[in-house]
Amino acid sequence: MSASWLLCLLVASNTSLSRAGPGLAWVGINGGFSEDYLDNKGRLWHHTKDPWTPSNWGGWLGSEPRDYSNAWGTVRMKCKNWPPDYDEDYEALLHHYSIETGNNQTFRVNLQDPTETVSYYTVKYNFCEKQWHGGGKMDILINGKVVKKDYITKCHHTRTDIYHFKCVPTLAGMIEVSIQGDPSVKGGQARFSTLEFEKSQDGCGDCDGLLCGKGFCSSSTFYDVSSKCDFGNEGMVNEFELEEAQSTAPACACDQNVNGHQCELGACATVACNEPLGGFCVENGQCHCIEGHSGTHCEVAPDVDKFGCYSRHEEVSDYLAVSTICMPELIAGPARHGHIFRGPSPMNAVADRIQADTVYFSWTADYEYGKRDAMGGEGRVYVSKLRTPWKQQAILEENLAFDGFARAGGIDVTEDGIVGTLCAKYWHPWVENTGKGTSNAAMVLAVCEVNGTSMKPHRTPWQIGKQYQADATVPNTGIWGSFPLSAWFAQRSAGYGYLVYSAAHQLWTAWYGATVGSHTGFAMHTYHRGAPGVSEEEYKEYVHPVPRDQVEPRKEASGPWRDHHRTGTGDHQASAAMRYHPKLQDIGLQKHTHGAVYMQQYGLSTPKGAFAPPGHKTGRLELVVGNDTGLQANALRPCGEDWLVAIIATSGNVCAKISQLGEIITWRVVEASVGKMPCGSNGGNCGDQAPGRMLRLANLGSPEQEARCGPDARFLLGFEKEDRSRWLVELDGDCNEVSERMDVTRHTHWPLYQDWTTTSEGAVVWVSSWHVDADGRFGPPGSPNGVWPYSPKPQNEEAEHLFGLTPGATNVAKVTVYYPRTMPSSSTTTTLAVSTSTSVTIPPDVNDFFPAEGLDRACRGANIQDNSASYYSVVTASSLQECQRACIGVPLCTGVEYSSGRCEVWTRPGGIRATKALKGFSCLRYEPPGAFAFSAPDGGFGRACRGADSTDNSASYMVVATAGSLFECKALCLKNPDCKGIEFGSHMRRCELWTRAEGIQATEAVSGFTCLTRLTPFRALTGDGNNQACRGAHKSDNSGAYYTVVPDVSLDACMWSCVMRADCKGIEFSSGRCEVWTRPGGIEATLPLTGFTCMLYTQTASSPAALNTKSRRQHFLGPAFLQKTWKPFRTALPPQAGGTEL
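In mature numbering (1 follows the signal peptide of the UniProt record, and there is no 0), the protein residues as written are -20 to -1, 1 to 1122.
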């Protein structure tokens, strides 16, 4: 959309002779009402709680307005005049109004399709003040144009001010009304009782022929009489007829920065900024774009979905970014208790164990549920797959819905990529038979599983917990340990539950706040991932069974961790936190009831020291040091073979290090000021003054599975102060602060009962949603509302559905990512300090794989006969994608071969340079574009790069970066034109980009490192080299003496065959046939020939042939460059039985 077209459209907006657009006949907004109202004329008035979206009737923009109602005592006071058609509806329409949040409020109404002919409306504004003596000053704008300047409100309960603005044109099918208060007068009031949009051509005839530039022509009729505070009262007769209507002549309504009778004056008069939808013009005549619009004139609209959401990305700092993503449905609020969640219904996240930038999270869509006869079919939860490319916009890739589940809880992922999330079902037979109050009634708790690769359901959701019934007739039945509908104390302790997977034992464990009748407690249940279903005989003993095709009951695992307390007891649990420790192969627990926080190990593996023996009442370590007592469980993470924990204590926000023997090694107060849990609508603290549970901890800079610890390890700590500000700081593995503190109150928020997750590349991620604190009641204006971020679902036992829709629900999700800084630069390859570093990294992805040479090919090394078993490790994989995932998890992987469940993970330093035709096999390279430019001097593996000789290792030769794989390290080098080669240390995630002018001329044997040199790229003589055959002095000069033929290779392998020869001048390649040209005069001409490629090559001092002159006798063998001390890389992946190649 061009600026001139925009301007022409606006100029002509109400000069058209045809005014018969298809817009709605009438729309009304009932200010300050929380539900729709049907008046005596049959008109439906919309309430003011809906945000505007492109697909609904309309609603508020910017920030949600508040409600106000004041009838002043038992004798209800009234304004003395009101619109006559309100006579029978005064109580519903004028005894309340919509009040500003900040200094303005804006409503937009969808009246017709944006592409339809413009329709014209009379917009009616009505306001009856309910408090104080009036005097508020405000401007009324319609479609960004000022239609009433400096309107002054009247004394309460005296007059209803009535304005009819005529001949208002639709703009893109909509009309927008904005009421803007003057902040210098009574704080900036912006209010209305009702707004009406009545389709009408009244007043339009007088506007014909009047050009208004960017504005539009309008006239008005109004009733606005100043008077003393002469209050009206209940039962009085309407005095509307006693007033005489006033009017304004047709005139141009202009933008705020434009003047003149025809909106022709001012710097903005001829500057179209797509007002008010996409931007506005400022005083210097420049456009300021809003709502995601861009372009010089804000003419480029964002890709907005049906809810009005659009993706965007905010880089808060070098280390913190917040992305907005748009979910496929509205996000549900928590059931009944919004203040103890401080966010939406939980959106727990877990990082993929292999793919560096992939995170899964579960969430709940906003549906009504709790209908008596629904029989388990209500609600919907999702598992969503999210990509977080390094320092880029987060991308929502796929969503999988599970129908019939009303809320989502904790989440984790197995070693082979099966994502499991807690999902709860409303089952009315359990609710109506509780006998202890609806809030304490049990839901059916299950695990919903999805294959993270395919994003398809893994199997039928299966129950994790007890079958609710009064009498325990068979195992795992009864009332002890119910997952409650909305029990306040139970949900305050653990939200909607935690879920942890133990890879060492292949066990799923859930922990949640529970009820025993009306008592508060907890329950923990553990199931093997392959647990069998209960027998039909046992299932028939269930009193209120859930159909097995909805939720499958399975047999619970037994072990030293299980006792009758842990499967359900009423111990008054008040806080909880849990995490799996990959080295200890056990789950760590924190909780408290009425005393100090204590820590346990669950008992999947045998605990030691103070943590032994396992059980509810045993193995407890109280987190107390001197007079400092742990008050509230918050977070814990693996740290070596110890634990790093975050708790709120009497001294403040504490980081502590706990040994595997249950010894408190370190106890450090990070911040003394602690935020309290809010309970009141004004943000007031709960009556018990409990801390706010806002302390978080996560591994940073390395995957959680590595459990790094000590002074070089990094952790991210988040906390809230008493003033409700939110902060992030980095810690080392001994709880020392190692970064400046970052105040993130303005940018992000994290809800309660949701843990953070760490990606395999070491970034910390969490997902949530919030409404904006527009007037800065609980933080900077416009920041996330950290106290009331999201409204809860209302609970009403008299309604058709026990739980209604969430007021103000949105589909906008916020993804916060904190990136690691440069890892410590110490190196086992040098005694010199590294002076230059960078933290840039490029996350791996399955999309980075590409076929080595088409379909039905098996991988080979230097040539089709080169197939040493030392090049790869064999694993079992059910699909090619799982094989790729296995490769991504191996830092030195260069590609895969897959056939019928057998997966070869190739780690040959020189990569896959040839293939062999073999039916049913797939060979894929895992290398960045241009990787053929690397060679492996002295074998590459187990070698550290050096300069002129093996002792030459100046820090000035390199730039140090962090990279999780050889792929990433190569990609960083290829993006740097000065890079001459790389040294990669997989165990340190260390990537040296060598920029020494002479390149890498020597190597040194150092275990755990790989050295590769980067060659001068090939270049084309003609065009890009494609569809050209090589020739000598002229296009007919093609003697067989000019080249050596290397058969059955790929283009990359052909290039390698060239660079390994000191006399190579270039290559010709076609359909597996490679000509290595050695003509002394080189390639001087080409012949156009379809299917051929001709490239020139110039040798440098760092070329493999120049570095390894003693190996020239091998130059007819193609790229056989592993000449010296290379030793095969052995992964931790065990060889598996499978098919072999012939």
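From the three backbone atoms N, C-alpha and C, an ideal C-beta is built for every residue, glycine too.
This structure is a prediction, so every number in the text was calculated from the model and none was measured.
Range of the contiguous beta strand (DSSP E) that encloses residue i
i, result
"Trp974", "Arg970 to Trp974"
"Tyr70", "That residue, Tyr70, is in no beta strand (DSSP E); its alpha helix (DSSP H) goes Tyr70 to Leu74."
"Gln580", "Tyr578 to Gln581"
"Trp730", "Per DSSP, Trp730 belongs to no beta strand (DSSP E) and is neither H nor E."
"Glu700", "Arg694 to Glu700"
"Tyr362", "Arg360 to Arg367"
"Lys571", "Asp566 to His572"
Contact under 8 Å by Cβ, residue i with residue j
i, j, result
"Ser462", "Tyr476", "no"
"Ser771", "Gly313", "yes"
"residue 1177", "Gly193", "The question about residue 1177 has no answer, for the chain in this structure spans -20 to 1122."
"Glu176", "Ile122", "no"
"Val363", "Val430", "yes"
"Gly8", "His27", "no"
"Cys689", "Cys619", "yes"
"Glu963", "Ala924", "yes"
"Ala743", "Val795", "no"
"Cys1074", "Val1056", "no"
"Phe699", "Asn765", "no"
"residue 1142", "Gly161", "The structure shown does not extend to residue 1142, since the chain is modelled only from -20 through 1122, so no value can be given for it."
"Leu1069", "Gln1008", "yes"
"Val745", "Ala329", "yes"
Alpha-carbon spacing of residue i relative to residue j, whole angstroms
i, j, result
"Arg171", "Gln85", "8 Å"
"Ala(-18)", "Phe202", "Because the pLDDT at Ala(-18) is just 45, under 50, the model does not fix this residue reliably, and the value given afterwards should be weighed accordingly. Each residue's alpha carbon lies about 35 Å from the other."
"Leu425", "Lys535", "14 Å"
"Gly359", "His137", "45 Å"
"Thr983", "Tyr851", "21 Å"
"Val205", "Asp141", "8 Å"
"Ser158", "Ser945", "54 Å"
"Val885", "Thr856", "10 Å"
"Trp623", "Trp343", "29 Å"
"Ile1047", "Leu954", "22 Å"
"Pro658", "Trp768", "9 Å"
"Glu255", "Gly167", "27 Å"
"Arg840", "Thr874", "12 Å"
"Ala866", "Tyr578", "39 Å"
"Val89", "Lys104", "13 Å"
"Gln335", "Glu412", "46 Å"
"Ile1063", "Val854", "43 Å"
With 16 other Cβ atoms within 10 Å as the buried cut-off, status of residue i
i, result
"Leu812", "Reliability fails at Leu812, whose pLDDT of 26 lies under 50, so the model's placement of it is uncertain and the value that follows must be treated cautiously. So Leu812 ends up on the exposed side."
"Trp460", "buried"
"Gln226", "exposed"
"Pro587", "buried"
"Thr739", "buried"
"Glu263", "exposed"
"His268", "exposed"
"Pro761", "exposed"
"Val814", "Confidence in Val814 is poor, its pLDDT being 30 and thus under 50, which makes the residue's placement too unreliable to answer from."
"Ala687", "buried"
"Arg352", "exposed"
"Lys446", "buried"
"Thr821", "At Thr821, the pLDDT of 39 sits below 50, so the modelled position is not reliable; the number obtained from the coordinates is stated separately. Per the 10 Å Cβ criterion, buried."
Extent of the continuous alpha helix (DSSP H) to which residue i belongs
i, result
"Pro409", "His408 to Glu412"
"Trp468", "Trp468 to Ala474"
"Ile868", "Leu860 to Ile868"
"Tyr519", "Glu516 to Tyr519"
beta-carbon residue i near the ligand FMN non-hydrogen atom, thresh 7 Å
i, result
"Ile120", "Absent from the structure shown: the ligand FMN. Ligands present: none."
Would you mind listing the beta strand (DSSP E) stretches within the region 871 to 922 that are 3+ residues and don't spill past its ends, in chain order?
-> 875 to 879, 882 to 886, 894 to 897 and 902 to 906
- prompt: Along the chain, which unbroken stretches of the beta strand (DSSP E) at least 3 residues long are found entirely within the region 938 to 1008?
  reply: 938 to 942, 961 to 965, 970 to 974 and 982 to 994
Extract the residue ranges of the alpha helix (DSSP H) inside the region 1039 to 1088, only unbroken runs of 4 or more that lie entirely within it. 1084 to 1087
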